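Novice:
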Amino acid sequence: MIICQLTCIPSSTFSYRPSPRRLNSCMMVGNPYLAHLPPSQRGAVHSSSSSSSEKEPLSGFLPRKVKGEQVRKAMNHQLNPFTKQPHSAQYRRILETRHALPVFSQMDDFLELFSKNQIIVMVGETGAGKTTQIPQFVTYSDLPHTKGKLVACTQPRRVAAMSVAQRVADEMDVQLGKQVGYSVRFEDMTESGTTFLKYMTDGMLLREAMSDTELSRYSTIILDEAHERTLATDILMGLLKTLAKRRKDLKVIVMSATLDAVKFQSFLSLHDSAAGEKSSPAPLFKVPGRTHPVEVFYTQEPEPDYVEAAIRTVLMIHRAEDPGDILIFLTGEEEIEDVCRKIKTDADANLLNADPSSVGPLVCVPLYSSLPLQQQQRIFDAAPKPSQAGYPPGRKVVVSTNIAETSLTIDGIVYVVDPGFSKQTVYNPRIRVESSLVSPISKASAQQRAGRAGRTRPGKCFRLYTEKDFISELEEQTHPEILRSNLANAVLELSKLGIKDLVRFDFLDAPAPETLMRALELLNYLAALNDEGELTALGGVMAEFPLDPQLAKMLIVSPDFKVSNEILTITAMLSIPNVWLRAPNQRAAADQAKAMLTVPEGDHLTLLNVFNNYSQNKDDRNWARNNFLSARALAEAENVRAQLLRTMEKYDVDVISLEDEGKRNIGIRQALTCGFFMQVAHKEGEKGSYLTVKDNQVVALHPSCGLDTQPEWVLFNEFVLTKRPYIRTVTEVKPEWLLEYAPVYFDLASFSGGETKRALQRVANRRRGTSNRGKEPRPKKKLKK
DNA sequence: GAGCACTGC
0 MIICQLTCIP SSTFSYRPSP RRLNSCMMVG NPYLAHLPPS QRGAVHSSSS
50 SSSEKEPLSG FLPRKVKGEQ VRKAMNHQLN PFTKQPHSAQ YRRILETRHA
100 LPVFSQMDDF LELFSKNQII VMVGETGAGK TTQIPQFVTY SDLPHTKGKL
150 VACTQPRRVA AMSVAQRVAD EMDVQLGKQV GYSVRFEDMT ESGTTFLKYM
200 TDGMLLREAM SDTELSRYST IILDEAHERT LATDILMGLL KTLAKRRKDL
250 KVIVMSATLD AVKFQSFLSL HDSAAGEKSS PAPLFKVPGR THPVEVFYTQ
300 EPEPDYVEAA IRTVLMIHRA EDPGDILIFL TGEEEIEDVC RKIKTDADAN
350 LLNADPSSVG PLVCVPLYSS LPLQQQQRIF DAAPKPSQAG YPPGRKVVVS
400 TNIAETSLTI DGIVYVVDPG FSKQTVYNPR IRVESSLVSP ISKASAQQRA
450 GRAGRTRPGK CFRLYTEKDF ISELEEQTHP EILRSNLANA VLELSKLGIK
500 DLVRFDFLDA PAPETLMRAL ELLNYLAALN DEGELTALGG VMAEFPLDPQ
550 LAKMLIVSPD FKVSNEILTI TAMLSIPNVW LRAPNQRAAA DQAKAMLTVP
600 EGDHLTLLNV FNNYSQNKDD RNWARNNFLS ARALAEAENV RAQLLRTMEK
650 YDVDVISLED EGKRNIGIRQ ALTCGFFMQV AHKEGEKGSY LTVKDNQVVA
700 LHPSCGLDTQ PEWVLFNEFV LTKRPYIRTV TEVKPEWLLE YAPVYFDLAS
750 FSGGETKRAL QRVANRRRGT SNRGKEPRPK KKLKK
């Protein structure tokens with residue numbers, strides 16, 4: 000029994016207590032939260048007569064010198080200072096609940112710090128209200144609308160940017176998209192000249208920086224959730240540090256949830272230590288969180304099989320613990336579906352059948368990103384009812400990937416089971432391969448998972464590892480993305496941002512030199528950077544596309560082959576998650592449907608065929624489902640395609656097509672070669688094994704590959720390292736094209752010996768005999784759309 | 001003969 004092996008470590012880090020200084024007994028009101036506030040604030044909420052008589056709610060406000068007292072008065076004014084309309088009843092109701100937020104009682108301190116400093120680091124645990132309140136405080140002090148500027152607040156995820164913007168619009172009593180808006184990919188909910196508080200994804204702000212490196216539209220920029228260390232936030236932090244030195248009028252706030260604040264503080268020190276100035280860290284503003292305490296348990300011994308241990312723990316909780324839902328963290332789809340099945344069987348067999356009067360029913364819900372949205376929604380269903388009146392209530396068990404750690408919040412979770420693993424991307428710059436590996440999580444991640452148990456009431460977290468391992472084996476923080484990924488895209492973006500010397504760019508964590516070198520090398524081969532590492536005209540246009548450099552290159556050169564209309568579709572299809580559905584009980588039918596859409600010359604052509612068929616069958620709502628395709632992914636491909644088309648039009652990349660199918664397919668494969676010549680494999684021997692060019696990795700065609708033969712030369716979109724190394728999404732190419740379209744990369748002098756080199760040599764020799772026949776330009780034809 | 005941790009532009 001696992002319960003005997005657990006050690007109890009009560010956690011005190013999650014509860015919020017107001018500081019004694021702020022407790023004042025003189026005025027009790029109905030709302031118990033108000034007792035936490037200083038009298039000035041409580042007074043402001045309930046007596047509006049003095050301030051309402053003034054006509055102008057913001058009279059006497061000096062930008063960036065505003066005091067808390069003034070803001071509270073304005074918030075309580077009869078008129079909304081930004082719309083000049085009377086505040087609604089809803090506004091007043093929300094305002095009252097805002098007073099309960101820990102951050103609200105620290106408004107005075109925050110505004111003072113904001114007035115005095117250009118850069119602030121802010122730490123607040125979950126539930127402090129920093130994401131909704133701090134940008135509003137900033138707005139009241141900075142008054143961006145009076146100077147035609149904006150306050151921006153970045154988020155790592157679209158949904159967060161959109162939902163927080165809606166909430167803040169409600170809190171400020173304005174219509175979403177007017178004074179308060181958001182900007183995410185495919186959707187700009189702002190109004191030029193009206194919006195002054197904008198929530199946006201970090202990637203979106205980075206894109207804006209590429210066209211305006213001064214970010215001159217913004218008076219204050221807030222980077223929220225900085226502890227997540229997304230690639231975009233990391234790059235922005237480096238940019239803003241430099242920019243703040245040039246733009247003294249720009250204020251920067253970096254907000255983070257965990258205690259890596261010291262790192263941000265010293266990074267964002269404004270003084271120039273190189274100039275001999277004494278460096279002093281950026282000031283820290285700290286807000287306590289407001290979640291419930293979570294008791295943490297560890298196992299006494301390491302668990303040899305975490306999947307089995309997780310199932311055992313869930314059944315133990317179900318038997319022995321009070322009502323409340325359970326959240327288990329596992330690493331992937333297969334594991335999750337497997338565990339769901341096993342829990343269901345065990346629970347039915349051992350618990351319910353044995354004694355339905357002592358143990359309630361149990362329902363198991365899987366959760367991962369590729370699950371159709373409708374099935375994802377099941378995590379919000381209520382727990383099952385007792386099997387009959389008077390019997391114990393049922394319990395819901397959510398079995399989830401990391402998606403429940405940050406992206407999705409499930410209320411009602413009281414128990415968390417944490418085996419301590421997740422799948423993480425690891426980048427190997429030597430062979431330019433990103434792969435997904437099951438790895439131990441970090442302490443920060445473990446804490447985040449535990450916190451998921453304390454959102455609605457005190458909870459418990461069962462860690463399926465020892466406390467000793469937690470302390471000594473787990474890393475403090477998850478390695479930031481910038482240290483784990485292929486940086487080709489980031490390097491192109493930085494070049495576009497005017498960063499010439501990447502090695503000396505001020506990164507919070509500098510990437511491995513080899514990763515940077517690999518990125519520079521790739522961009523140089525693609526002719527996005529010249530031999531001096533400077534951005535070329537082509538590279539400048541490539542950076543404008545929200546695509547990996549290979550895809551951008553292929554798209555931009557595709558008009559030369561008269562197939563840009565098709566390449567546009569293929570690019571969109573390669574930018575979205577897998578479209579093929581293959582439910583375990585319908586594999587045969589799914590494979591059959593796929594075979595109907597397969598083009599034997601290559602998987603890229605199959606993707607094109609899928610999208611074209613989808614477009615032609617738009618009036619049939621069941622088309623995607625009937626063909627075992629993801630309607631969500633196809634709709635996204637349509638969105639991406641439309642966005643790319645707009646960018647093509649903006650930069651005069653013609654959209655053209657060839658009528659003859661045979662010529663068209665050859666043109667498509669040639670254009671593919673121009674982008675992906677570095678991802679080519681050559682067949683070695685007869686057993687269907689391939690060797691990647693230059694990297695010399697032995698790979699096999701992925702079983703999902705639709706080629707009907709095993710061509711000598713193939714180009715692949717993806718190298719996946721699972722049970723074996725596979726290449727996925729594969730199309731046949733001709734070796735002549737490699738020599739013609741990528742002569743630098745396929746310079747035979749740069750090859751070590753081997754069958755690949757000999758094969759290329761034969762082709763080169765053959766070509767030499769015929770190469771004096773020049774290429775004739777073909778007339779351009781514009782597609783009418 | 002096998003997947004797809006998760007974001008983002």
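Sequential numbering of the first sequence, starting at 0, is according to numbering that gives the first Met the number 0.
Where a beta carbon is used, it is the ideal one built from N, C-alpha and C, also for glycine.
Predicted, not measured: the structure shown is a model, and the values here were computed from it.
Assess contact between the stretch 115 to 132 and the stretch 156 to 173, defined as three or more Cβ pairs (one per stretch) separated by less than 8 Å. Is contact present?
Specialist: yes
Novice: How about Ala243 and Leu204: do their beta carbons lie closer than 9 Å?
Specialist: no
Novice: With a 10 Å radius around its C-beta and 16 neighbouring C-beta atoms as the bar for buried, classify Glu224 as buried or exposed.
Specialist: The residue is buried, with at least 16 neighbouring Cβ atoms inside 10 Å.
Novice: Go ahead and pull the three-state DSSP assignment for Phe185.
Specialist: Coil.
Novice: Start and end of the beta strand (DSSP E) containing Asn529?
Specialist: Bounds of any beta strand (DSSP E) do not take in Asn529, whose DSSP letter is neither H nor E.
Novice: Among Ser406, Asp354, Arg394, Lys395, which one has its Cα closest to the Cα of Ser368?
Specialist: Ser406
Novice: Alpha carbon to alpha carbon, how far is Arg451 from Ala592? Give it in angstroms, no decimals.
Specialist: 41 Å
Novice: Under the assumption that Arg640 contacts Glu565 (Cβ atoms under 8 Å), give the Cβ distance between them as a whole number of angstroms.
Specialist: Contact flag wrong, Cβ pair sits at about 11 Å.
Novice: So for Ala256, helix, strand or coil by DSSP?
Specialist: Residue state, collapsed to three classes: coil.
Novice: Quick check on DSSP: helix, strand or coil for Pro134?
Specialist: In this structure, Pro134 counts as helix in the three-state DSSP scheme.
Novice: Could you say if the stretch 476 to 494 and the stretch 510 to 521 meet the contact criterion of at least three C-beta pairs nearer than 8 Å?
Specialist: yes
Novice: With burial defined as no fewer than 16 other Cβ atoms inside 10 Å of the residue's Cβ, what is the status of Pro576: buried or exposed?
Specialist: exposed
Novice: Straight-line CA distance for Asn488 to Ala518?
Specialist: 8 Å
Novice: For Glu533, count neighbouring Cβ atoms within 10 angstroms of its own Cβ and tell me buried if that reaches 16, exposed if not.
Specialist: exposed
Novice: If you count every other CB in all the chains shown that lies within 10 Å of the CB of Thr145, and 16 or more means buried, which is it?
Specialist: exposed
Novice: Go ahead and pull the three-state DSSP assignment for Asn764.
Specialist: helix
Novice: Closest to Val70 by C-alpha separation, out of Val295, Ser104, Arg757, Ile335, would be which residue?
Specialist: Ser104
Novice: So, is Arg668 buried or exposed, given that buried needs 16 or more other C-beta atoms within 10 angstroms?
Specialist: buried
Novice: Let's test the definition: count the other Cβ atoms within 10 Å of the Cβ of Asp602 and tell me whether it reaches 16, buried, or not, exposed.
Specialist: Residue environment for Asp602: buried (at least 16 other C-beta atoms within 10 angstroms of its C-beta).
Novice: Looking at the unbroken alpha helix (DSSP H) that takes in His681, where does it start and where does it end?
Specialist: No alpha helix (DSSP H) holds His681; the beta strand (DSSP E) holding it covers 679 to 683.
Novice: Give the straight-line distance between the Cα atoms of Asp659 and Phe718, rounded to the nearest whole angstrom.
Specialist: 32 Å
Novice: For the structure I just gave you, are there three or more beta carbon pairs, one from the stretch 474 to 481 and one from the stretch 384 to 394, closer than 8 Å?
Specialist: no
Novice: What did DSSP end up calling Thr691 once you bin it into helix, strand or coil?
Specialist: Strand at Thr691.
Novice: Using the C-alpha atoms, what's the distance from Ile569 back to Thr605?
Specialist: In this structure, the straight-line span from the alpha carbon of Thr605 to that of Ile569 is close to 9 Å.
Novice: Only counting the same chain, and skipping five residues up and downstream in sequence, which positions put a Cβ closer than 8 Å to that of Val183?
Specialist: So the qualifying residues of the chain are Arg157, Ala160, Met161, Met199, Thr200, Met203.
Novice: So the beta strand (DSSP E) Asn427 belongs to, where does it begin and stop?
Specialist: Taken as a continuous stretch (DSSP letters only), the beta strand (DSSP E) holding Asn427 covers 420 to 427.
Novice: Helix, strand or coil for Phe718? Go by DSSP, reduced to three states.
Specialist: Of the three classes helix, strand and coil, the one that applies to Phe718 here is strand, per DSSP.
Novice: Give the straight-line distance between the Cα atoms of Met516 and Pro360, rounded to the nearest whole angstrom.
Specialist: Near 57 Å, if we compare the C-alpha coordinates of Pro360 and Met516.
Novice: How should Arg241 be labelled, buried or exposed, when 16 other C-beta atoms within 10 angstroms of its C-beta is the threshold for buried?
Specialist: Checking the sequence, you will find Thr at residue 241 rather than Arg. Exposed, because fewer than 16 other Cβ atoms sit within 10 Å of the Cβ of Thr241.
Novice: So if DSSP puts Trp579 in a beta bridge, which residue, or which two residues, is it bridged to?
Specialist: Leu628
Novice: Tell me the rounded alpha-carbon separation between Glu711 and Thr691.
Specialist: 12 Å
Novice: Any contact between the stretch 254 to 263 and the stretch 89 to 96? By contact I mean 3 or more CB pairs, one from each, below 8 Å.
Specialist: no
Novice: Beta-carbon separation of Phe676 and Cys460 under 9 Å?
Specialist: no
Novice: Spell out a yes or no on whether the stretch 524 to 540 and the stretch 441 to 457 are touching, meaning 3 or more CB-CB pairs, one atom from each, closer than 8 Å.
Specialist: no
Novice: Measuring alpha carbon to alpha carbon, tell me which of Glu735, Val416, Tyr139 ends up nearest Gly793.
Specialist: Beyond the ends of the chain as shown, which are 0 and 784, falls residue 793; an answer cannot be given.
Novice: Under 8 Å Cβ to Cβ from Pro301, same chain only, skipping five residues before and after it: list those, please.
Specialist: Tyr464, Thr465, Asp468
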